[in-house]
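Colleague: In my numbering, the protein residues as written are 2 to 269.
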Ligand SMILES: [Fe+2]
Ligand SMILES: [Fe+2]
């Protein structure tokens with residue numbers, strides 16, 4: 002069953018095994034070999050002994066990309082995000098499998114989880130190119146904490162995970178990729194651009210299901226988005242927004258612009 006497989010992946014601590022199992026489960030789902038079933042996800046996914054998890058405030062400041070150490074720190078931080086993203090993909094499938102959603106909902110999130118596994122593998126490979134590996138540096142637990150605030154309601158989860166956190170990735174990734182190119186690291190830049198293209202699709206999946214669920218519940222999506230972000234996500238949304246990528250994902254600016262923490266630079 003899909004949910005049983007999802008929970009088994011959440012309970013897998015080793016990152017490489019988690020990624021491989023994710024792609025295998027996705028293949029089985031796409032082949033039509035699985036029922037959805039029911040299985041309860043753990044409160045927290047299993048994690049390896051390393052990296053050590055620290056509060057976000059205690060994380061060392063990122064170093065310049067010009068140094069190899071700075072690039073390793075960036076790739077490591079991104080690998081950690083992608084590992085969390087794998088678990089978030091399977092968690093949404095298992096946790097909300099009892100909702101009255103069509104099979105296409107599971108198709109979409111299985112696709113997301115499988116792509117997150119690929120993202121983790123690409124970053125782990127790039128770390129290996131630099132003689133480093135995931136677990137070498139500390140990481141922070143902010144991403145899972147944000148998600149843990151939304152275990153009760155699928156609309157809360159969709160508002161915070163794809164539409165705040167993954168959309169934030171769209172805002173910051175092009176600049177990171179450009180900076181990597183400027184320090185003559187086109188391979189790392191290419192990994193980030195590949196991830197960026199996929200992430201537009203993940204935000205699109207988030208918007209599609211958020212809107213559909215709102216309609217089913219008789220809610221106005223933009224209003225529902227702001228209400229849920231206000232209740233479930235600490236802090237506002239940081240501009241500038243990548244309106245082009247967000248629009249490509251079908252995410253209307255009128256949903257999120259009123260939540261900007263301060264005016265975007267060109268509006269000041
Ligand atoms: Fe990703
Ligand atoms: Fe994603």
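Virtual Cβ for every residue (Gly too), placed ideally from N, Cα, C. From a predicted model like this one, the values you see are computed outputs, not experimental measurements.
For the structure I just gave you, are there three or more beta carbon pairs, one from the stretch 20-35 and one from the stretch 59-66, closer than 8 angstroms?
Modeller: No, the stretch 20-35 is not in contact with the stretch 59-66.
Colleague: Is it buried or exposed for residue 23, if we count other Cβ within 10 angstroms and need 16 for buried?
Modeller: When all chains shown are included, residue 23 counts as buried.
Colleague: If you compare alpha carbons, which of 41, 162 and 112 is closest to residue 234?
Modeller: Here the closest residue by C-alpha is 162.
Colleague: What separation, rounded to the nearest whole angstrom, lies between the Cα atoms of residue 268 and residue 25?
Modeller: Bear in mind that the predicted position of residue 268 carries a pLDDT of just 44, short of 50, making it too unreliable to give a figure here.
Colleague: Straight-line CA distance for residue 54 to residue 144?
Modeller: So the alpha carbons of these two residues sit roughly 11 angstroms apart.
Colleague: Would you call residue 265 buried or exposed, if buried means 16 or more other Cβ atoms sit within 10 Å of its Cβ?
Modeller: Its pLDDT being 48, under 50, residue 265 is placed unreliably by the model, and the measurement read from it follows with that caveat. Exposed.
Colleague: Cα-Cα, which of 98, 231, 78 and 41 is closest to residue 150?
Modeller: The option with the nearest alpha carbon to residue 150 is 231.
Colleague: Under DSSP, the alpha helix (DSSP H) around residue 135 begins and ends at which residues?
Modeller: Looking at the DSSP string, residue 135 is not in any alpha helix (DSSP H), and its letter there is neither H nor E.
Colleague: So for residue 140, helix, strand or coil by DSSP?
Modeller: In the structure shown, residue 140 sits in a strand (DSSP, three-state: E or B).
Colleague: Give me the Cβ distance between residue 73 and residue 121, rounded to the nearest whole Å; I'm assuming they're in contact under 8 angstroms.
Modeller: Not confirmed; about 16 angstroms, so no contact.
Colleague: Does the Cβ of residue 46 have 16 or more other Cβ atoms within 10 Å, making it buried, or fewer, making it exposed?
Modeller: Burial call: buried.
Colleague: Look at the alpha carbon of residue 258 and the alpha carbon of residue 17, and state the distance between them as a whole number of angstroms.
Modeller: Answer to the nearest angstrom: the Cα atoms are 38 angstroms apart.
Colleague: Is the stretch 165-182 close to the stretch 237-245, with three or more CB pairs under 8 angstroms?
Modeller: Contact holds: three or more Cβ-Cβ distances are below 8 angstroms.
Colleague: Give me whichever residues DSSP pairs with residue 55 in a beta bridge.
Modeller: Note: residue 55 sits in a beta bridge opposite 141.
Colleague: Please determine if the stretch 92-101 and the stretch 191-207 are in contact, where contact requires at least 3 C-beta pairs separated by less than 8 angstroms.
Modeller: Verdict: no, contact absent.
Colleague: Within a Cβ cutoff of 7 angstroms, which residues of the same chain sit near residue 79, ignoring the five residues on either side of it in sequence?
Modeller: For residue 79, where only same-chain residues beyond five positions count, the Cβ hits under 7 angstroms are 124.
Colleague: With a threshold of 8 angstroms on Cβ separation, who are the neighbours of residue 182 within its own chain once the five nearest residues in sequence on each side are excluded?
Modeller: So the list reads 190, once near-sequence residues are dropped.
Colleague: Quick check on the burial criterion: 16 or more other C-beta atoms within 10 angstroms. Buried or exposed for residue 219?
Modeller: Residue 219 is exposed by the Cβ-count criterion.
Colleague: Determine the extent of the alpha helix (DSSP H) in which residue 232 is found, giving its start and end residues.
Modeller: From DSSP, the alpha helix (DSSP H) with residue 232 extends over 222-233.
Colleague: Does the distance from the CB of residue 159 to the CB of residue 107 come in under 7 angstroms?
Modeller: No, Cβ-Cβ distance for residue 159 and residue 107 is not below 7 angstroms.
Colleague: Could you tell me how far apart the beta carbons of residue 237 and residue 260 are, in whole angstroms, since I believe they sit closer than 8 angstroms?
Modeller: Between residue 260 and residue 237 the Cβ distance is about 5 angstroms, and since that is below 8 angstroms, they are a contact.
Colleague: Using the DSSP secondary-structure output, state which residues sit across from residue 238 in a beta bridge.
Modeller: The partner list for residue 238 (beta bridge, DSSP) reads 261.
Colleague: CA-CA distance, residue 103 and residue 70?
Modeller: Their Cα atoms are separated by approximately 46 angstroms.
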